[in-house]
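Input: a single structure, listed below in structure tokens.
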Ligand code: ADP
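Residue numbers (my numbering): -4 to 379.
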């Protein structure tokens, strides 16, 4: 019951007891002593407010109500019945009974109230345990569903990886043959152009095949070791240097060394490389790509699917390119989604899987100033 309503309820009950005592007392004082039957009846009526006081407010309430009755009824006994000492004794005894009655009723009311409070707190605890059980059962169902989906995907992935693997060898032969044939037709020959197309398209197909096989391999458990994210970033920046210079873009790394995460340095390099290359490709000549890192407290994976308080590293790759339109933003992490002519659409999908396999995630957003910001969020190793 809300506080205000409970207080109003108490006031109403106190008023009811007081009014009942006053009403019965009025009847006593207003009725002549010549009508003893009526007085006997009124005397018994006092049990009503005394009983209500005890039921509603326990032992203390009952004794208080009995005392109030004694105070209201006492003068009437002494003033109106002093001529009949037997009646004085009789009626005074009744006042003693009021106290005894209030004591017994109040005692049991208190016991009942204590029991009710215990039952309520037990019900509350039960309800809490039930909700916790429900949450855990839901979690188990969800994990089961994810496992089933993962099983299905793994089977399909294996099939697709098998098919892709089968494509790789004939593709190599086609490319080799095309290159031999190209030598037969010198530049300027009408058929040389077709062979250029053939070589270019087989190269593209080969990239898709390699990327897809890379994507399928991410499903396998990565080897984990302590890995310095700062070092990974600096090594990756060195790898992108040539491409960045060609595009006239500067890559600035402001990530300190010593941010240790647990994972595969090879896979994490692949993620940072994907993000930095995408940013370089999106940047206009003269543009700048910034890689920064920040450590914040957050929930990190603990044991048995539980999350615990820990530290997260937020690695941000920002560019000053055109940013991502809404439809690109919502599909960017889907496998094979690309807006680039030469793209495979697997870079971000692979990066997402690697981040998740490391207990983290990747978020993409547009910077208010212009350009895109990709954030790789990873749990820091506990002793970092
Ligand atoms: P790919 O680079 O082969 O296209 P990705 O999965 O790496 O594949 O990227 C998917 C798509 O996300 C890109 O084709 C591009 O449209 C968009 N994208 C990724 N990074 C950026 C970025 N920094 N700025 C703008 N668009 C981006």
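Built from N, CA and C at the ideal position, the CB exists for glycine as well.
query	result
Are the beta-carbon atoms of residue 283 and residue 240 separated by less than 9 Å?	no
Mind pulling the beta strand (DSSP E) runs of 3 or more residues that sit fully within the stretch 254 to 303?	255 to 258, 283 to 296
Going by DSSP, name the residue or residues bridged to residue 370.	311, 358
Determine the DSSP secondary structure at residue 375, reduced to helix, strand or coil.	strand
What does DSSP give as the partner residue(s) for residue 223 in the beta ladder?	255
Would you mind sorting residue 100 into buried or exposed? The rule is 16 or more other CB atoms within 10 Å of its CB.	buried
In angstroms with no decimal places, state the Cα-to-Cα distance between residue 185 and residue 179.	12 Å
Residues in its own chain within less than 6 Å of residue 61 by CB, not counting five upstream and five downstream?	45, 93, 94, 97
Quick one: give me the first and last residue of the beta strand (DSSP E) that residue 245 is part of.	245 to 249
Which whole-angstrom value is the C-beta distance of residue 26 and residue 33, which I expect to be below 8 Å?	5 Å
Let's see if you can read the secondary structure: which residues bound the alpha helix (DSSP H) around residue 62?	42 to 75
Short of 8 Å in beta carbon distance, which residues of its chain neighbour residue 267, apart from the five on each side in sequence? Order them along the chain.	227, 228, 231, 286, 310, 312, 371
Is residue 358 a contact residue of the ligand ADP, with contact defined as CB to any heavy atom under 8 Å?	no
Is residue 295 closer than 9 Å to residue 302 when the C-beta atoms are compared?	yes
Classify residue 305 as helix, strand or coil using the three-state DSSP reduction.	strand
Using the C-alpha atoms, what's the distance from residue 263 back to residue 355?	11 Å
Should residue 148 be labelled buried (16 or more other beta-carbon atoms within 10 Å of its own) or exposed?	exposed
So the alpha helix (DSSP H) residue 126 belongs to, where does it begin and stop?	80 to 179
Tell me whether the beta-carbon of residue 40 lies closer than 9 Å to the beta-carbon of residue 48.	no
Would you kindly report the start and end of the unbroken alpha helix (DSSP H) that includes residue -2?	-2 to 25
Should residue 381 be labelled buried (16 or more other beta-carbon atoms within 10 Å of its own) or exposed?	Only positions -4 to 379 of the chain appear in this structure, which leaves residue 381 out of reach.
Identify, in the order they occur along the chain, each residue of the same chain with its Cβ nearer than 8 Å to the Cβ of residue 222, setting aside the five sequence neighbours on each side.	255, 256, 257, 258, 259, 260, 263
Residue 173 and residue 200: beta carbons closer than 9 Å?	no
As a quick exercise: from 331, 82, 43, 321, pick the residue whose alpha carbon is nearest that of residue 12.	43
Closest by CA to residue 367, which one among 74, 321, 317?	317
Going by the CB atoms, is the gap between residue 159 and residue 237 shorter than 9 Å?	no
What does the Cβ neighbour count give for residue 347, buried or exposed, with the cut at 16 atoms within 10 Å?	buried
Should residue 305 and residue 281 be called a contact, given that it needs their Cβ atoms to be closer than 9 Å?	no
On the criterion of 16 or more Cβ atoms from any shown chain inside 10 Å, does residue 269 qualify as buried, or is it exposed?	buried
Which whole-angstrom value is the C-beta distance of residue 68 and residue 20, which I expect to be below 8 Å?	6 Å
Quick one: does the C-beta of residue 204 sit closer than 8 Å to a heavy atom of the ligand ADP?	no
Could you tell me the alpha carbon to alpha carbon distance between residue 113 and residue 105, rounded to whole angstroms?	12 Å
Any heavy atom of the ligand ADP closer than 8 Å to the beta-carbon of residue 287?	no
Go through its chain and collect everything with a Cβ distance to residue 358's Cβ below 6 Å, but skip five positions before and after it.	370
Compute every distance between the C-beta of residue 319 and the non-hydrogen atoms of the ligand ADP, then say whether any falls below 8 Å.	yes
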